[in-house]
Amino acid sequence: MLVPGAEIPHLCAQCDNYPCVKSCPFDALSVDEKTSAVKVNAKKCTACGACIRACPGKIPHIHPKKNVILICDLCNGNPQCAKICTEADYRALSVVREAKKISHKLFAKTPEELTEMLAENLYGEKAKELI
Amino acid sequence: MVGGYAGKFLDIDLSSGKIGETKFPEETLYKYVGGRGLGARILWDRLGSKWESVDPLGPENLLLVLPGPLTGYFHGARICVTGKSPQSNGIVGSTASGEFPVELKCAGWDGIIFSGRAKSLVYLMIDDEKVEIRDARHLQGIEGKETLRKLTRDVKGELDKRHARLGIQKEPAMLYIGPAGEKAVRTAAVLEKWSHAAGYGGYGAVMGSKNLKAIVAKGTGPMPKVANPEQMLKLMKETEKISYAMRGTRRWGTGYAGYEVGAGSSSEPVRNWQEEWHDEKTMGGPNFDLRLWVKRYWADYGCALACMKLAVSKAGPYKGAISDNPDYELEAYLGPNVGVFDPAGVLYLSSLIEELGYSGINGSNTIAFAMELFQRKILTKEDLGGLEPKWGDVKSIEALARRIAARKGKFFNILAEGTYRAAQEISKIKGVDVTKYAVTVKGVEIGAHGTRSNMDYTKDICYACSVQGGDHTSTVFDGYNDLETVFADSGVYCNVIGWGGGLGDLQWRFLRAVTGWKTTEKIWKTTLGPRIVHIQRAALLIGGPDIKWQPVKDDDNPKRFYDPLPSGPYKGKTTDSAFVKQRRTDYYKTIGWDENGIPKSSVLKKLGLEDVDRALEKARGK
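These protein sequence lines map, in sequence, to chains A and B.
So the first sequence is numbered by numbering that gives the first Met the number 0: it starts at 0 and just counts up by one.
So the second sequence is numbered by numbering that gives the first Met the number 0: it starts at 0 and just counts up by one.
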């Protein structure tokens, strides 16, 4: 985004109602019972982009060379991005464990929304003209 | 193709608008690697035979924008900008950090070679394989951050549409120049992202002289394949561990040093280097940290060190000023060196200098030089069109910076030629020798580390014998170990991780994993590195068209560095000229130059540099 210093991580939050899975006209998406990550059946996927439109965070994207959608699979329950972020001592990314009381929508935001919020935090009233 | 390289370079003639591509044989890549090294070779191949007559600001010069094989894999991605330097008339490899080289490599290009000159202001758009020269007349005279914003908005919608399948995308990366670059001010930088600059060498002026306002790159492909991915992943882990261990640099960046360097090692410029010590408590690290820093960890691609600190002035007279850090160099050069000891004022001036498109070190050095001439009543209020630039007066410093960037008025136009050339010219006009106030080496203004106290890492010959002039990121000491920074500029990564020598030979192991070559530290320091230094040296010695350097005589510190320090704990100390002489002789011997500082014929022939040897015949004849 255009705000200096505001580099926004852009990650799947595994919404509890999974709009992407629901939107798929080809039954290519499913939810992993163990990790609750969205799994892609590459054979069924036609790269139509319906899940991108359905996603509140516009997370899924199509492989640049192949016709298949890419969605975070949580590295089989051990997300490496969160691991390295903790190792590096930034702790900007963390794993939120499944629980009924947590609304997953709290975490699903578009990068634009996140940028706006962070910019306001960093730059106060100057934020709007910077974006 | 060799690992780490995309396999082809863009070769663009701005005069005719022809966009071509070039490949280099593997042997050339092995010998010169990339960035500063490969740049030196390309320049020598294409301009070497007529070097003396090439005007750095003419269409015959080349502007090279080159990543290296380590860029994007090893710590901290940087891009090297080079060409015939309008400051030194030699070759300076100047680097800036950011995502540009990564986008470029992902787009399938190993670098860009610009020649010629566009008829009107243009920008280059690289969208994977699609490369276009586009009109940029609407960006004429627009300041840095606005250029970045405007151009990003212009192209973002178009890119989003073209790559709709990829979801929300990061904005494209960009190199650009500010108004100072457009006016070919010799201290102008090529800027990247927000407040990042390839400052040394004056390549902003070269870019401006080619009527090239910006280069935009977006790559959607993967990074080029590497020779040994498993090995590289292991080495990446090793690199990260080193980054994490540099806790002080991580937490405080270099911006905490403004007071500590001044107080601790007496090597920080104060009022155009008249002193190198101050005890102004307002400058201490906490004043920046607590008052101004809004983000304490900020890094560019591939950097786990995150030494940048983002600063914003949220209240007071400089409300709204934004810059990174400012890092130590700008903190010193736009703080004590212009007599400003208010952190918010320093931040304001840093932000301004980036807006105008100066190199924060070089441009600010010239400003302080002009201020000293005003202090000594050599330049008067009339000369400066009514301006009275007094130490610490932020408003008048701003006005001075703006007028030099616009080249408006006789003396501002002279100052726009950089400190060295301005000193020569003003000495002639005024009939007083002002060159003793010019703190430059071979036309390149010196970084904010003095040699007089002998307490900083910069000592005796570190600038004097460097082929990069006053560049504080590529200083010399023994002609062997200092070739490490030549490697950093050629592999093109950020050398901050090498501070303190904690890397060992990691960078060469990394190069072997990425490329599959057998390059070792020893091979680099005895064969490959010296080759690059010899070419740069030859370019400096031949020089021209306006200035030529005298070997030995010009391999020296500026006069000011031999004045005793007037204040502070190291009062009275100065650079030892006899020691400099001895160290210079030693350096010549180790690197393979004769007693006149000219690369020896036998050394050059052994390295296969017959072309360089022939070109130096004239210099030897004298």
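All C-beta atoms in this analysis are idealised placements derived from N, C-alpha and C, irrespective of residue type, glycine included.
| query | result |
| --- | --- |
| Identity of the residues DSSP links to B:Tyr122 by a beta bridge | B:Arg133 and B:Ala213 |
| Between the CA atoms of A:Cys19 and A:Cys54 - distance to the nearest angstrom | 6 Å |
| Closer than 8 Å at the beta carbon, the chain A residues around B:Thr623 | As shown, chain B starts at 0 and ends at 621. That puts residue 623 of chain B outside it, with no answer to give. |
| Selected residue, minimal CA-CA separation from A:Leu96, among A:Phe106, A:Lys127 and A:Ser22 | First, the residue type needs correcting, since residue 96 of chain A is Arg and not Leu in the sequence shown. Nearest of A:Phe106, A:Lys127 and A:Ser22 to A:Arg96, Cα basis: A:Phe106. |
| Neighbour list for B:Tyr243 in chain A, Cβ cutoff strictly below 9 Å | Glu86, Ala87 and Asp88 |
| Per-residue contacts from A:Pro8 into chain B (C-beta, under 9 Å) | Under the 9 Å cutoff, chain B gives no residues; its nearest Cβ is about 11 Å from A:Pro8. |
| Contact with chain B by A:Pro24, beta-carbon distance below 8 Å | no |
| Cβ pair A:Leu92, A:Cys84 closer than 8 Å | yes |
| Partners in chain A for B:Tyr122, counting only beta-carbon separations shorter than 9 Å | Simply none; closest approach about 17 Å. |
| Residues of its chain near B:Ala405, where Cβ-Cβ distance is below 8 Å and the 5 sequence neighbours each way are ignored | Pro178, Lys182 and Phe411 |
| Beta carbon of B:Tyr72 nearer than 8 Å to that of B:Val513 | yes |
| B:Glu330 burial status per 10 Å Cβ neighbour count (16 or more: buried) | buried |
| Bridge partner(s) assigned by DSSP for B:Leu42 | Its beta-bridge partners do not exist; DSSP assigns none. |
| B:Ser266, buried or exposed, once every other Cβ within 10 Å from all chains shown has been counted against 16 | buried |
| Proximity test, Cβ basis, 8 Å: B:Ile628 and chain A | An answer regarding residue 628 of chain B cannot be provided, because it is not within the stretch 0 to 621 covered by chain B. |
| Buried/exposed call for A:Glu32, threshold 16 Cβ in 10 Å | exposed |
| Simplified DSSP assignment, three categories, for B:Ala95 | strand |
| B:Asp488 versus B:Trp523: straight-line alpha-carbon distance, rounded | 13 Å |
| Beta bridge counterpart(s) of B:Asp10 as assigned by DSSP | B:Gly19 and B:Ile112 |
| Contact belief for B:Pro598 with B:Arg536 at Cβ below 8 Å, rounded distance in angstroms | 6 Å |
| Range covered by the beta strand (DSSP E) that runs through B:Tyr296 | Trp292 to Trp297 |
| Bridge partners - A:Ile132, DSSP secondary structure assignment | Chain A is shown only over 0 to 130; residue 132 of chain A falls outside these bounds and no answer can be derived. |
| Near-chain B residues of the region 110–121 of chain A - C-beta to any C-beta below 7 Å | Pro110 and Leu121 |
| Reference B:Lys236; option with closest CA among A:Leu69, A:Tyr122, A:Lys42 and A:Ala87 | A:Ala87 |
| For B:Met245, the three-state DSSP class (helix, strand or coil) | coil |
| Identified DSSP bridge partners for B:Leu190 | B:Tyr175 and B:Ala196 |
| Selected residue, minimal CA-CA separation from B:Thr146, among B:Ala95, B:Leu165, B:Leu355 and B:Arg35 | B:Leu355 |
| Sub-8 Å separation of B:Tyr317 and B:Tyr347 beta-carbons | yes |
| Proximal residues to B:Gly6 (C-beta, below 6 Å), its chain only, five neighbours per side dropped | Met0 |
| B:Ala367 in three-state terms, based on DSSP | helix |
| Amino acids of chain A, ordered along the chain, whose beta-carbon sits closer than 7 Å to that of B:Gly319 | Lys125 |
| B:Gly596 vs B:Asp562 beta-carbon contact at 8 Å | no |
| Pick from B:Thr70, B:Gly36 and B:Gln581 that is closest to B:Ile78, judged by C-alpha positions | B:Thr70 |
| Residues that A:Lys57 contacts on chain B, provided the C-beta gap is smaller than 9 Å | Gly166 and Ile167 |
| In DSSP terms, what B:Tyr347 is bridged to | Per DSSP, none; premise fails for B:Tyr347. |
| Sheet register partners of B:Cys79 (DSSP bridge) | B:Leu65 and B:Thr94 |
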